[in-house]
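A.B. asks: Taking our numbering, the leading residue of the sequence shown gets 1316, the next gets one more, and so forth.
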Amino acid sequence: MSGNLRGIPLYKPGKPAQGADGRPAYKLSSNENPYPPLPGVVEAAVAAAGSLNRYPDLGCTGLVAELAARLGVPESHIATGTGSVGVAQSLIHSTAGPGDEVVYAWRSFEAYPIIVQVNGATSVQVPLTADGGHDLDAMLAAVTDRTRLIFVCNPNNPTGTVVHRAELERFLDAVPADVLVVLDEAYNEFVRDPEVPDGIELYRDRPNVCVLRTFSKAYGLAGLRVGFAVGHEPVAEALRQTAVPFGVSQLAQDAAVASLRAEKALLERVDALVAERARVVAALVAQGWTPNETQANFVWLPLGERTSDFAAACAAAGVVVRPFPGDGVRVTIGETEGNDLFLEAAERFRKES
Ligand SMILES: *Cc1c(COP(=O)(O)O)cnc(C)c1O
């Protein structure tokens, strides 16, 4: 086995929902959307399935055209991939190798250390602030002449915290022009804080900024693996060159286009999840918890050493949450009944400990 591959951390998927004694269980461990695909999406996917003997459209031309028109960016600035993790992996592949450094906050998205190490580059992890946010000054101070790429996860997975426009612009202005800054906006649709910038606006006059978006979360297509980057031509071009050919299936492409066209239903569902998020946070506060402000489709409880016990208590109550042992628990906002079971378990845990 090559040196690069030794000791790569394993990506831990959220545990499947498994109800004890016939009770339903709720999977609140992977930030999935509790709603089924948007109207028209299953039909589009079924129609595409009739041509499974054919390779998909290599350039994802229909999807790229639809995205370009909606986002108001040139088609040549868009690169698609197998989920935004697939695109992120291509980004590292085309920018960083052995001896190069990739800077990101920690704790953040667990795929970052994996894809950095797979490419033989070095992770530079900058601790989050006490309230779970990005420490942009410390991240800037961590940039060296070996830094090739910086991830800013906004909102941050798993803490749900956000970076505001003014501080992000100051950061981008200070980062050397030859370092690529990747704004990972997987949860963009759930943001309601007006101070959070839309990365698409920030990238326009900054050649070293690239935005990652996905159909896995708000759009509810996690199972189809499709995401994309928006960046200037050298970046988008490099992504197209390094992507696995035909990685995005025709099912995924057509389902993504149909999802974009179901915007009204999308917005209603996202609004409902945001309202449910506010209800869950308020209930936690009423129970005496102090969850940090979240702008994503999950909440974060920094439980430290009690993390695994809390996750076990939730599992016993029929909800699967995502523990990061020794650190905290991330709980996806799911269907109301699942959220209620989680809140009951949280209240019991508080009273008993
Ligand atoms: C879920 C998630 C993604 C998206 O993953 P896909 O590969 O598109 O399913 C990307 N970034 C972050 C921070 C995430 O939480």
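A virtual CB, placed ideally from N, CA and C, is assigned to each residue, including glycine.
Hey, could you find the ends of the beta strand (DSSP E) GLY1396 is sitting in?
C.D. replies: Residues 1393-1396.
A.B. asks: Does GLY1365 come out as helix, strand or coil in the three-state DSSP assignment?
C.D. replies: DSSP places GLY1365 in coil when its eight states are reduced to three.
A.B. asks: What distance in whole Å lies between the Cβ atoms of GLU1591 and ASN1654, which are believed to be in contact at a cut-off of 8 Å?
C.D. replies: Yes, they are in contact, since the Cβ atoms of ASN1654 and GLU1591 sit about 6 Å apart, within 8 Å.
A.B. asks: Determine the extent of the beta strand (DSSP E) in which GLU1416 is found, giving its start and end residues.
C.D. replies: It spans 1416-1421 - the beta strand (DSSP E) in which GLU1416 sits, taken as one unbroken run.
A.B. asks: Report the CB separation of PHE1543 from ASP1499 in whole angstroms; it is logged as a contact under 8 Å.
C.D. replies: PHE1543 to ASP1499, Cβ: 12 Å. No contact.
A.B. asks: Would you say the beta carbon of LYS1666 comes nearer than 7 Å to a heavy atom of ligand 1?
C.D. replies: Every heavy atom of ligand 1 is 7 Å or more from the Cβ of LYS1666, so no.
A.B. asks: If VAL1635 and TYR1341 are in contact, beta carbons under 8 Å, what's the gap, nearest whole angstrom?
C.D. replies: Contact flag correct, Cβ pair sits at about 7 Å.
A.B. asks: Report yes if the CB atom of VAL1441 is closer than 8 Å to the CB atom of MET1454, and no otherwise.
C.D. replies: Contact flag set, yes.
A.B. asks: What residues match up with GLN1568 in a beta bridge as DSSP calls it?
C.D. replies: None; GLN1568 has no bridge partner.
A.B. asks: How many angstroms separate the CA atom of LEU1406 from the CA atom of ARG1663?
C.D. replies: Near 44 Å, if we compare the C-alpha coordinates of ARG1663 and LEU1406.
A.B. asks: DSSP state of LYS1532, grouped into three classes?
C.D. replies: In the structure shown, LYS1532 sits in coil (DSSP, three-state: anything other than H, G, I, E or B).
A.B. asks: Specify, as a first and last residue, the run of the beta strand (DSSP E) that PRO1440 falls within.
C.D. replies: Correcting the residue type first, residue 1440 is Gln in the shown sequence and not Pro. Its beta strand (DSSP E) spans residues 1437-1442.
A.B. asks: Got a sec, what are the start and stop residues for the beta strand (DSSP E) ASP1372 sits in?
C.D. replies: Premise fails: ASP1372 is in no beta strand (DSSP E) and is neither H nor E.
A.B. asks: Could you tell me if LYS1666 is buried or exposed, where buried requires 16 or more neighbouring beta carbons within 10 angstroms of its beta carbon?
C.D. replies: Classification of LYS1666: exposed, given that the 10 Å Cβ count is below 16.
A.B. asks: Taking 8 Å as the cut-off, decide whether the C-beta atoms of PRO1568 and LEU1373 are in contact.
C.D. replies: The question names Pro, but residue 1568 in the sequence shown is Gln. No, the Cβ-Cβ distance between GLN1568 and LEU1373 is not below 8 Å.
A.B. asks: Classify TYR1326 as helix, strand or coil using the three-state DSSP reduction.
C.D. replies: Correct three-state label for TYR1326: coil.
A.B. asks: Run through DSSP, which three-state label would ASP1513 get?
C.D. replies: Correct three-state label for ASP1513: coil.
A.B. asks: Verify whether the separation of the beta carbon atoms of ASN1471 and ALA1411 is less than 8 Å.
C.D. replies: Taking 8 Å as the Cβ cut-off, ASN1471 and ALA1411 do not qualify as a contacting pair.
A.B. asks: Can you tell which of ALA1598, THR1647, VAL1563, GLU1548 has the C-alpha that lies nearest to the C-alpha of SER1391?
C.D. replies: Checked all of ALA1598, THR1647, VAL1563, GLU1548; the closest Cα to SER1391 is GLU1548.
A.B. asks: Rounded to whole angstroms, what is the Cα-Cα separation between ALA1593 and ARG1540?
C.D. replies: Cα-Cα distance, rounded: 29 Å.
A.B. asks: Between the C-alpha atoms of GLU1358 and VAL1458, what's the straight-line distance to the nearest angstrom?
C.D. replies: Between GLU1358 and VAL1458, the C-alpha separation is close to 48 Å.
A.B. asks: Taking ALA1571 as the reference, which of GLN1610, ARG1528, PHE1613, ASN1607 has the closest Cα?
C.D. replies: When each option's Cα is compared against that of ALA1571, the closest is ARG1528.
A.B. asks: Is LEU1451 helix, strand or coil when you go by DSSP?
C.D. replies: In the structure shown, LEU1451 sits in a helix (DSSP, three-state: H, G or I).
A.B. asks: Could you work out which residue in LEU1554, GLY1546, GLU1510, ALA1533 is closest to ASN1503 when comparing CA atoms only?
C.D. replies: Residue ALA1533 is the option with its Cα nearest to ASN1503.
A.B. asks: To the nearest angstrom, how far is the alpha carbon of THR1476 from that of ARG1621?
C.D. replies: In a straight line, the C-alpha of THR1476 is about 22 Å away from that of ARG1621.
A.B. asks: Within 8 Å, do at least three Cβ pairs link the region 1424-1433 to the region 1443-1450?
C.D. replies: Verdict: no, contact absent.
A.B. asks: So, for GLY1265: in the same chain, excluding its five sequence neighbours on each side, which residues have a beta-carbon less than 7 Å away from its beta-carbon?
C.D. replies: Because the chain is modelled from 1316 through 1668, residue 1265 falls outside the range shown and cannot be assessed.
A.B. asks: Could you tell me if TYR1518 is buried or exposed, where buried requires 16 or more neighbouring beta carbons within 10 angstroms of its beta carbon?
C.D. replies: Buried: at least 16 other Cβ atoms inside 10 Å.
A.B. asks: Can you name the start and end residues of the beta strand (DSSP E) that ARG1645 belongs to?
C.D. replies: 1643-1647 is the span of the beta strand (DSSP E), which, as asked, contains ARG1645.
A.B. asks: Have a look at VAL1585 and LEU1658 and give me their C-alpha separation to the nearest angstrom.
C.D. replies: Using only the alpha carbons, I get a separation of about 21 Å.
A.B. asks: Grab me the residues of LEU1566's own chain with a C-beta within less than 7 Å of its C-beta, minus the 5 sequence neighbours each way, in chain order.
C.D. replies: Around LEU1566: ALA1360, ALA1363, ALA1364, LEU1539.
A.B. asks: Are the Cβ atoms of GLY1633 and ASN1348 separated by less than 8 Å?
C.D. replies: Cβ distance not < 8 Å, so GLY1633 and ASN1348 don't count as in contact.
A.B. asks: If you drop the 5 nearest sequence neighbours on each side, which residues of the same chain put their C-beta closer than 8 Å to that of THR1557?
C.D. replies: Within the same chain, THR1557 has close Cβ partners SER1405, HIS1408, SER1409.
A.B. asks: Taking the alpha-carbon of LYS1579 as reference, which of THR1647, VAL1506, GLY1355, LEU1464 has the nearest alpha-carbon?
C.D. replies: When each option's Cα is compared against that of LYS1579, the closest is GLY1355.
A.B. asks: In whole angstroms, give me the CA-to-CA distance for ILE1648 and VAL1496.
C.D. replies: So the alpha carbons of these two residues sit roughly 29 Å apart.
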